[in-house]
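Chemist: Have a look at this one before I ask anything.
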Amino acid sequence: MKNEEMNEGKMTVIVQTIAALLFPLALIFSFYVIMHGHLTPGGGFQGGAIGASAVVLLIVAYGVKHVEEKMTEGGFSVFESLGGLIFVVVAIFGLFLATSFLANFLVNEPIFGKIPGWGQAPLNSGGILPILNIAVGMKVIGGLSAVVLILALISREGEEK
């Protein structure tokens with residue numbers, strides 16, 4: 317590999333290929349952890365951290381310049397803000413559709429809140445919890461990815477001086 321490519325932060329073709337293969341798998345696993353957070357250990361924060369680590373994998377393999385061209389801090393900020401908006405809207409719906417702020421208004425609904433029998437744990441047994449896990453996961457993915465991207469950009473600027 318050329319010395320110029322090393323200065324740009326790029327890795328070898330092998331590392332880039334493996335990163336390209338692992339990135340979608342990490343995002344799928346992140347979504348799995350987020351969606352099963354009301355049934356198993358995990359949830360929005362843990363799944364969001366896994367999703368942000370997938371972005372870190374791309375930064376390490378392809379370099380911060382390449383990742384910044386594809387995903388900007390503004391894009392991550394919009395994604396994070398959308399997660400916060402979803403969380404607040406669901407919480408306010410609890411106030412108007414049920415009795416209190418953040419009330420589980422989807423419990424006992426046939427689609428989202430079917431109360432399972434003993435020993436059963438279907439995905440639709442959490443009411444609003446899976447929706448809140450998705451919102452928290454979006455905030456964590458957006459926030460952590462933006463922070464890591466900004467730190468990588470700052471450290472790259474420090475190296476150029």
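Using this note's numbering, read the sequence shown as starting at 317 and increasing by one per residue.
The C-beta atom is built at its ideal place from N, Cα and C for all residues, glycine as well.
Quick caveat, the model's predicted, so the values are computed rather than measured.
Beta carbon of residue 442, beta carbon of residue 364: below 9 Å?
Modeler: no
Chemist: For the pair the stretch 358-374 and the stretch 335-344, tell me if three or more CB-CB distances fall below 8 Å.
Modeler: Yes: at least three Cβ pairs fall under 8 Å.
Chemist: For the putative contact between residue 457 and residue 395, defined by C-beta atoms under 8 Å, what is the C-beta separation to the nearest angstrom?
Modeler: 7 Å
Chemist: In this structure, how does DSSP classify residue 340 when only helix, strand and coil are distinguished?
Modeler: In the structure shown, the three-state DSSP call for residue 340 is helix.
Chemist: I'd like the list of long-range same chain contacts for residue 435, defined as Cβ closer than 8 Å, with 5 residues on each side in sequence excluded.
Modeler: none
Chemist: Suppose you measure from the CA of residue 448 to the CA of residue 377; what does that come to, to the nearest Å?
Modeler: 32 Å
Chemist: CB residue 360 to CB residue 451, shorter than 9 Å?
Modeler: yes
Chemist: So residue 465 and residue 375 are supposed to be a Cβ contact under 8 Å. How far apart are they, rounded?
Modeler: 7 Å
Chemist: Inspect the beta-carbon positions of residue 409 and residue 421 and report whether they are closer than 9 Å.
Modeler: With contacts defined by Cβ atoms closer than 9 Å, residue 409 and residue 421 form a contacting pair.
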